[in-house]
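Its first residue numbered 68, the sequence shown is counted upward by one per residue in my numbering. Positions of the beta carbon are idealized from the N, C-alpha and C atoms, including for glycine. Note that the coordinates shown come from a computational prediction; the quantities given were computed from them, not determined experimentally. As structure tokens, the structure follows; a few thoughts come after it.
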Amino acid sequence: MKKYTFTEKKDTRSGFGAGMHVLGQQNPNVVALCADLVGSLKLEPFIKENPDRFIQCGISEANMIGVSAGLTIGGKIPFATTFANFATGRVYDQIRQSVAYSNKNVKICASHAGLTLGEDGATHQILEDLGMMKMLPGMTVINPCDYNQTKAATIAIADYEGPVYLRFGRPVIPVFTDADQKFEIGKAWMVNEGTDVSIFATGHMVWEAIQAGELLEAEGINAEIINIHTIKPLDEEAILKSVEKTGCVVTAEEHNRIGGLGDSVAQVLVKNKLVPQEYVAVNDSFGESGTPTQLMEKYGLTAKHIVEAAKRAIERKS
């Protein structure tokens, strides 16, 4: 098992803020919009240096999406920012009609996704957003795993032509990817090569998968771990190449079991190579209030749960 270490923990939303700071200096067409959550989206450095390229839309998310779509007509690259629940569930109609249908170059950047929003509870958590957004024709969906990868993804999507949903979170987590990485949209990242089980993880669950890999190694199980940071377009080649070696799959995501990464992987498998698959995800329920750690444990989203799922998949294979 390849060893991953870290010297600090940071929230992925700060990686987004750092990426926006870079874009503010490098790309004069980038415009930031926010729905009254500047501090939560870490936009202060961008705004300080580029006050003329920031639009405060207030608590009016639907209007923010409409304004963003309009800005693209003049050649601007709008980054529309708010909490993931408000960026998708509250304004799905506007995204569908004003952005996706006409293929507008809008970047919808969503913080506080999943259960790890924590104490704000089910009304502010969203566990359906990946499914909602990937169903929109032409929408690219990205869910990076740590601070550095989120920063790199933020910079990369500015050069990508077309609508993008970029998902990130609130809690501090280990920073374990390279600071100078090149982010490739649609290209999965091999975390650890293995032969016994394929673990496809996304977002915060990548670190949990790494920890699970170490636990499995102690029991003589060699796990292949792949970071699926781009949910759509999905790297089907990487998935199938891995499954050819291992013969069984675990998918891990901080999202509803229905509609997320697991379902996307299952579609690839059912068309190409049927193998046992286990899901590590929220089992078709809303969240609740609690600390991120408490919620990840209660809803089965920890390294321990990935280990258990891997053993089930291996047992089904044999």
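query = In angstroms, rounded to a whole number, what distance separates the CA positions of Ala220 and Ala285?
reply = One alpha carbon belongs to Ala220, the other to Ala285, and they sit about 33 Å apart.
Cut-off 6 Å between Cβ atoms - residues of its own chain near Ile277, not counting five sequence neighbours on either side = Tyr71, listed in sequence order.
inquiry  = For Lys218, report the span of its alpha helix (DSSP H) as first-last.
reply    = Counting along the chain, the alpha helix (DSSP H) containing Lys218 begins and ends at Tyr214 to Ala225.
key: Reference Val310; option with closest CA among Leu301, Asn172 and Leu341   = For Val310, the closest of Leu301, Asn172 and Leu341 by C-alpha to C-alpha distance is Leu341.
task = Below 8 Å CB to CB, which residues in the same chain sit around Gln92 once its five sequence neighbours on both sides are set aside?
result = Around Gln92: Glu116.
query = Hey, Val242 and Lys77 are a contact pair by Cβ (cut 8 Å); roughly how many whole angstroms apart?
reply = Correct: roughly 5 Å between the Cβ atoms.
Inter-residue Cα distance where the pair is Ala376 and Glu320 = So the two alpha carbons sit approximately 13 Å from each other.
key: Runs of beta strand (DSSP E) lying entirely within the region 304-352, each at least 3 residues, in chain order   = For the region 304-352, whole beta strand (DSSP E) runs of length 3 or above, ordered along the chain, are 316-323 and 344-349.
Close-in-space but distant-in-sequence residues of the same chain around Gly280 (CB under 6 Å, 5 per side omitted) = The beta carbon of Gly280 sits closer than 6 Å to those of Met68, Asn259, Ala290 and Ile292, all from its chain and outside the five residues before and after it, given in chain order.
inquiry  = Going by the DSSP bridge assignment, what does Cys101 pair with across the sheet?
reply    = Beta-bridge analysis with DSSP links Cys101 to Gln123 and Thr148.
Gln123 to Leu100 span [Cα, whole Å] = Answer to the nearest angstrom: the Cα atoms are 6 Å apart.
Residue burial classification, Glu128 (beta-carbon count within 10 angstroms, cutoff 16) = Buried, since its Cβ has 16 or more Cβ neighbours within 10 Å.
message = By the three-class DSSP mapping on this structure, what secondary structure does Thr183 have?
response = Note: Thr183 maps to helix in three-state DSSP.
ask   = Would you report the Cα separation of Thr183 and Leu110, rounded to the nearest angstrom?
value = Here the alpha carbon of Thr183 sits roughly 21 Å from the alpha carbon of Leu110.
message = With a threshold of 7 Å on Cβ separation, who are the neighbours of Ala370 within its own chain once the five nearest residues in sequence on each side are excluded?
response = Glu275, Gln278, Ala279 and Leu282, listed in sequence order.
inquiry  = Taking 8 Å as the threshold (C-beta atoms), are Leu197 and Asn215 in contact?
reply    = Cβ distance not < 8 Å, so Asn215 and Leu197 don't count as in contact.
Distance between Ala102 and Ala154 (C-alpha atoms, nearest Å) = Looking at the two C-alpha atoms, the distance is approximately 9 Å.
inquiry  = To test your reading of the DSSP string, which unbroken alpha helix (DSSP H) runs of 4 or more residues are found completely within the region 250-305?
reply    = The region 250-305 contains, as complete alpha helix (DSSP H) runs of 4+ residues, the segments 272-285 (chain order).
ask   = Once you ignore the five residues that flank Thr139 on each side, which residues in its own chain have a CB closer than 7 Å to its CB?
value = Counting only Cβ-Cβ distances below 7 Å, and skipping sequence neighbours, we find Pro145, Lys171, Asn172 and Val173.
request  = Would you tell me roughly how many angstroms separate the C-alpha atoms of Val332 and Glu75, rounded to the nearest one?
outcome  = Going from the Cα of Val332 to the Cα of Glu75 covers about 32 Å.
inquiry  = Beta-carbon within less than 7 Å of Gly314's beta-carbon, same chain only, minus the 5 sequence neighbours each way: which residues are those?
reply    = The answer, listed in chain order, is Val342 and Lys384.
key: Own chain, CB closer than 6 Å to Ile27, minus 5 neighbours either side, in chain order   = Because the chain in this structure spans residues 68 to 385, residue 27 falls outside the shown range and cannot be described.
task = With distances taken Cα to Cα, identify the nearest neighbour of Ala255 among His296, Gly125 and Arg157.
result = Of the candidates His296, Gly125 and Arg157, the one whose C-alpha sits nearest the C-alpha of Ala255 is His296.
ask   = Can you list, in chain order, the residues of its chain whose CB lies under 7 Å from that of Met87, leaving out five sequence neighbours each side?
value = The residues are Ala99, Leu110, Phe113, Phe146 and Thr221.
message = Given this structure, state the Cα-to-Cα distance separating Ala302 from Phe250, to the nearest angstrom.
response = Note on identity: in this sequence residue 302 is Asp, with Ala being the wrong assignment. Asp302 and Phe250 have their C-alpha atoms roughly 14 Å apart.
message = According to DSSP, is Lys371 part of a helix, a strand, or is it coil?
response = Residue state, collapsed to three classes: helix.
task = Spell out the partners DSSP gives Ser135 in its beta bridges.
result = DSSP lists no bridge partner for Ser135.
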